[in-house]
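Here this note's numbering runs 1485 ahead of the position in the sequence shown, where the first position is 1. The beta carbon of each residue, even a glycine, is placed where N, CA and C say it ideally should be.
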Amino acid sequence: MSVVAVILAAGEGKRMKSDLPKVLHEAAGEPLLAHVGNAARESGADRIIAVIGNGAPRVRERFAESGWDFVEQTERLGTADAVKRAIPLLKGLEGDALVLAGDVPLLRGRTLSILRERHHEANAAATVLTARLPDPTGYGRIVRGAEGEFLGIVEHKDATESQRAVDEVNSSIYCFSITDLVAVIDRIGNDNAQGEYYLTDAIGLLRAAGRNVLAVNAAEPEEILGVNDREQLAEVERLLLARGNGS
């Protein structure tokens, strides 16, 4: 059984106001992408596929000795489209596909291990890492039923007013059964406010097919914090350095 991490790292990062690809900006002495890759390895990933785009040659050069595979997303058509770039490398494999964001350097390997454990305990097709944030603006919201069961994810721009009041958010970190992910990825459409192919739609498709899906809340919400600008980069670096000091 394989454990493959697919790291989405193609974004332009315009708000960083830099020619350097966002995932190559450093926090606590390592590129953002390296932190995510390290967490994946710590959780048991035996293969890493980085989906790159902006500044692809520089990313390849920086990680030339990593042993990772690289695929390119030349047009930014959404997260499901990004994952599709990696599908040829997943076909024929059985096991887990961890889908991770390349700009979330606070993610811990042990959190991914717990995600995978819960995924297997529930015999799930897909398991989503969630977090509760005091300000969930911009994040996809977790939709739960009357008994607290996980029903799906709605993106912020597509959410109703009541859904936007929900503080449990999608971290954009997932564990999929590889076979289920491969089976559903081509069925994802782009009928939404952004006209993009959302990986979150895979959840609804899998539920409709009668497959089990699960949402697991992160013990430390800070782990899902992404980096979109210099201020956020400084904040995650501060938190990483505090960890190093045992804080």
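Could you check where the alpha helix (DSSP H) with residue i kicks off and where it finishes?
i	result
G1594	G1594 to E1606
R1617	Taken as a continuous stretch (DSSP letters only), R1617 belongs to no alpha helix (DSSP H), being part of the beta strand (DSSP E) at A1611 to R1617.
E1557	From DSSP, E1557 is part of no alpha helix (DSSP H) but of the beta strand (DSSP E) over D1554 to E1557.
A1567	T1564 to K1569
V1669	I1663 to V1669
With the cut-off set at 7 angstroms, would you say residue i and residue j are in Cβ contact?
i	j	result
I1534	L1509	no
L1699	A1607	yes
C1660	D1588	no
A1491	A1530	In the sequence as presented, Ala is not what sits at residue 1491; that position holds Val. No, the Cβ-Cβ distance between V1491 and A1530 is not below 7 angstroms.
Roughly how many angstroms separate the alpha carbons of residue i and residue j, rounded to a whole number?
i	j	result
E1722	R1715	11 angstroms
T1664	L1724	36 angstroms
S1732	H1520	Because the pLDDT at S1732 is just 45, under 50, the model does not fix this residue reliably, and the value given afterwards should be weighed accordingly. Rounded to the nearest angstrom, the two C-alpha atoms are 18 angstroms apart.
W1553	I1658	19 angstroms
L1666	E1527	23 angstroms
M1501	E1602	36 angstroms
A1644	Y1683	14 angstroms
Quick check on residue i: buried or exposed, where buried means 16 or more other Cβ atoms within 10 Å of its Cβ?
i	result
E1640	buried
A1549	exposed
L1493	buried
G1633	exposed
N1702	exposed
K1642	exposed
E1708	buried
R1595	exposed
G1577	exposed
T1564	buried
Q1679	exposed
L1592	buried
So, at 8 angstroms on beta carbons, what are the nonlocal neighbours of residue i in its own chain, with the 5 sequence-adjacent residues on each side left out?
i	result
D1652	R1617, L1618, P1619 and P1621
L1505	G1540 and R1543
Starting from residue i and walking both ways along the beta strand (DSSP E), at which residues does that stretch end?
i	result
N1523	Counting along the chain, N1523 falls outside any beta strand (DSSP E), though it belongs to the alpha helix (DSSP H) covering L1517 to E1527.
I1762	Because the chain here runs from 1486 to 1732, residue 1762 falls outside it and cannot be looked at.
Leaving out five residues before and five after residue i in sequence, what residues of the same chain have Cβ atoms less than 7 angstroms from its Cβ?
i	result
L1718	H1510, A1512 and V1712
F1555	A1535, I1537 and R1545
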